[in-house]
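Asks: So that we are looking at the same thing, I have put the structure below in structure tokens.
In UniProt numbering, the protein residues as written are 1 to 445.
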């Protein structure tokens with residue numbers, strides 16, 4: 001066991017927590033709360049409370065869940081349902097937050113906000129290609145030494161990121177453009193529920209199951225190997241990250257809510273941020289925002305490349321880790337050139353499938369002792385959730401006729417607000433517990 005003084009361990013703990021914050025905090029974490037603030041207006045705090053549950057609370061639970069479960073990775077955790085399910089879920093999760101969707105998005109979003117405003121339309125295609133090569137080139141270099149992530153991200157990138165965010169968001173919060181305007185659309189009807197659903201878009205609950213492995217490895221490197229101490233230290237790191245996320249979300253949400261009188265309603269969060277930066281600081285403000293987005297996206301890209309490459313190296317040990325870094329980087333670079341809109345459109349069905357599955361498996365981890373860790377309970381609960389997840393994915397990809405949509409809304413409470421999985425998951429859990437109890441009482445032949 002490594003000898004680490006209490007003072008150095010405390011400093012390292014903060015560095016790990018800040019590293020985790022930076023891994024979570026991509027450009028979407030800036031865009032979504034800014035847009036939410038504008039749309040929610042005078043109901044911004046209620047909407048933000050819901051957003052914090054899924055945008056900060058769930059990622060924290062995900063980090064703690066892996067430590068609490070004692071599982072070595074996502075596949076081992078999901079294999080409590082069934083071995084085939086463990087592999088299928090882990091592969092789908094890593095591909096979604098990795099080279100297929102989230103990793104390309106880090107490059108396209110940072111390009112759209114940091115670079116595209118300074119280019120004309122004829123330059124953007126070539127500009128995106130050149131930018132993606134440079135962006136993923138740096139991400140590739142940082143990902144080649146995963147053991148140095150705490151030093152490179154937690155001790156260097158994150159402090160700079162937080163400082164630049166504080167300059168823009170702090171100044172805007174202290175000098176608001178006006179008062180919050182009237183809430184728009186669903187934010188006027190059910191701001192809390194709408195906020196919960198908006199928090200899904202960050203994808204951080206999915207990433208939490210992946211980034212938690214990086215955190216646990218970093219904590220072990222600090223000399224912590226006792227399971228209870230490992231869980232406590234991992235939880236503290238998660239709390240540091242979640243607290244930073246929540247604080248930044250609140251300030252950005254307030255900034256968005258008070259910006260309507262000065263900017264008018266904007267189509268998306270990127271425009272809110274860009275025009276807010278320009279409103280307060282002019283062109284230097286846009287440059288400052290570009291720095292924030294580049295740092296946020298780069299740190300997230302590095303975490304995703306590292307996590308995905310380590311997992312696929314464990315799944316296919318015959319292929320070296322560094323080869324998977326190359327594969328993930330090249331695939332992400334290629335898909336990034338398809339553009340942000342295409343990536344977002346194709347990611348929604350998979351997001352609608354994986355999010356309920358992720359939430360439910362996290363909840364089952366904390367209920368594990370209640371039902372004795374029975375595989376039957378895991379299986380029944382997750383299969384019921386999977387059925388609704390597949391339905392949600394189909395709806396997102398192809399849509400339903402009005403008649404079919406009405407039938408589903410009538411059969412599944414809360415389906416129309418994106419929470420249709422709650423009742424089936426609960427029924428599956430109860431059924432699993434009943435079957436488990438019945439099998440225990442069944443006399444052996």
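Idealized CB from N, CA, C, for every residue including glycine. It should be emphasised that the depicted structure is a prediction, and the values quoted were computed from it without experimental measurement.
Any chance the segment 257-276 sits against the segment 36-45, with 3 or more Cβ pairs inside 8 Å?
Replies: Short answer: they touch.
Asks: Buried or exposed for residue 121, please, with buried defined as at least 16 other CB atoms from any protein chain shown within 10 angstroms of its CB.
Replies: So residue 121 counts as exposed.
Asks: Do residue 102 and residue 203 count as a contact pair if the criterion is CB distance below 8 Å?
Replies: Yes, the pair counts as a contact, with Cβ atoms nearer than the cut-off.
Asks: Going by DSSP in three states, residue 267 sits in which element: helix, strand or coil?
Replies: In the structure shown, residue 267 sits in coil (DSSP, three-state: anything other than H, G, I, E or B).
Asks: Judging by CA-CA distance, which residue of 143, 92 and 109 is the nearest neighbour of residue 131?
Replies: The option with the nearest alpha carbon to residue 131 is 109.
Asks: Taking contact to mean 3 or more Cβ pairs, one atom from each stretch, closer than 8 Å, check whether the segment 179-194 and the segment 298-316 are in contact.
Replies: The segment 179-194, when compared against the segment 298-316, does not touch it at the 8 Å Cβ threshold.
Asks: Could you say which of 355, 58 and 125 lies nearest to residue 387 if we only look at CA atoms?
Replies: With distances taken between Cα atoms, residue 387 lies closest to 355.
Asks: Three or more C-beta pairs under 8 Å: does that hold for the segment 208-221 against the segment 232-239?
Replies: Judged by Cβ distances under 8 Å, the segment 208-221 makes contact with the segment 232-239, as three or more pairs qualify.
Asks: Leaving out five residues before and five after residue 408 in sequence, what residues of the same chain have Cβ atoms less than 6 Å from its Cβ?
Replies: Closer than 6 Å at the Cβ level, and outside the excluded window around residue 408, lie 415.
Asks: Assign residue 449 to one of three DSSP states: helix, strand, or coil.
Replies: Past the boundaries of the shown model lies residue 449; the chain is included only from 1 to 445, so the question cannot be answered.
Asks: Hey, how far is the Cα of residue 362 from the Cα of residue 417?
Replies: Distance between the alpha carbons of residue 362 and residue 417: 21 Å.
Asks: Report the rounded CA-to-CA distance for residue 274 versus residue 72, giving the unit in angstroms.
Replies: Taking the straight line from one Cα to the other gives about 41 Å.
Asks: Taking the alpha-carbon positions, what's the residue 2 to residue 231 distance?
Replies: Note that residue 2 scores 47 on pLDDT, short of 50, meaning its location in the model is unreliable and no value can be drawn from it.
Asks: Buried or exposed: residue 390, going by 16 or more other Cβ atoms within 10 Å of its Cβ?
Replies: Counting Cβ neighbours within 10 Å, residue 390 comes out exposed, since fewer than 16 surround it.
Asks: When we look at the beta-carbon of residue 316 and count the other beta-carbons within 10 Å, is it buried (16 or more) or exposed?
Replies: By the 10 Å Cβ count, residue 316 comes out exposed.
Asks: Tell me the DSSP secondary structure of residue 1 in three-state form.
Replies: Legend: pLDDT at residue 1 = 42, less than 50; position of this residue unreliable, value from coordinates given subsequently. In the structure shown, residue 1 sits in coil (DSSP, three-state: anything other than H, G, I, E or B).
Asks: Going by DSSP, what residue range makes up the alpha helix (DSSP H) through residue 222?
Replies: Careful: residue 222 lies outside any alpha helix (DSSP H) and carries neither H nor E.
Asks: If contacts are defined as beta-carbon pairs under 8 Å, then residue 281 and residue 263 qualify, I think. What distance do you get, rounded to the angstrom?
Replies: Their Cβ separation, rounded to whole angstroms, is 14 Å, which puts residue 281 and residue 263 out of contact at 8 Å.
Asks: Run the proximity test for residue 143: is its beta-carbon closer than 7 Å to any non-hydrogen atom belonging to the ligand GDP?
Replies: With respect to the ligand GDP, the structure offers nothing, as it holds no ligand at all.
Asks: Taking the alpha carbon of residue 46 as the point to measure from, which residue in 127, 162 and 250 has its own alpha carbon closest?
Replies: Here the closest residue by C-alpha is 250.
Asks: Need the endpoints of the alpha helix (DSSP H) that residue 238 sits in, please.
Replies: Where residue 238 is concerned, the enclosing alpha helix (DSSP H) stretches over 227-257.
Asks: Taking the beta carbon of residue 51 as the centre, do at least 16 other beta carbons fall within 10 Å, making it buried, or is it exposed?
Replies: Buried, by the Cβ-count rule.
Asks: What is the rounded straight-line gap between the Cα of residue 294 and the Cα of residue 145?
Replies: Cα-Cα distance, rounded: 20 Å.
Asks: Run the CB neighbour count on residue 112, radius 10 Å, all protein chains shown included, and call it buried at 16 or more, exposed below.
Replies: Result: buried.
Asks: If you check the beta carbons only, do residue 286 and residue 296 fall under 8 Å apart?
Replies: For residue 286 and residue 296, no; Cβs fall outside 8 Å.
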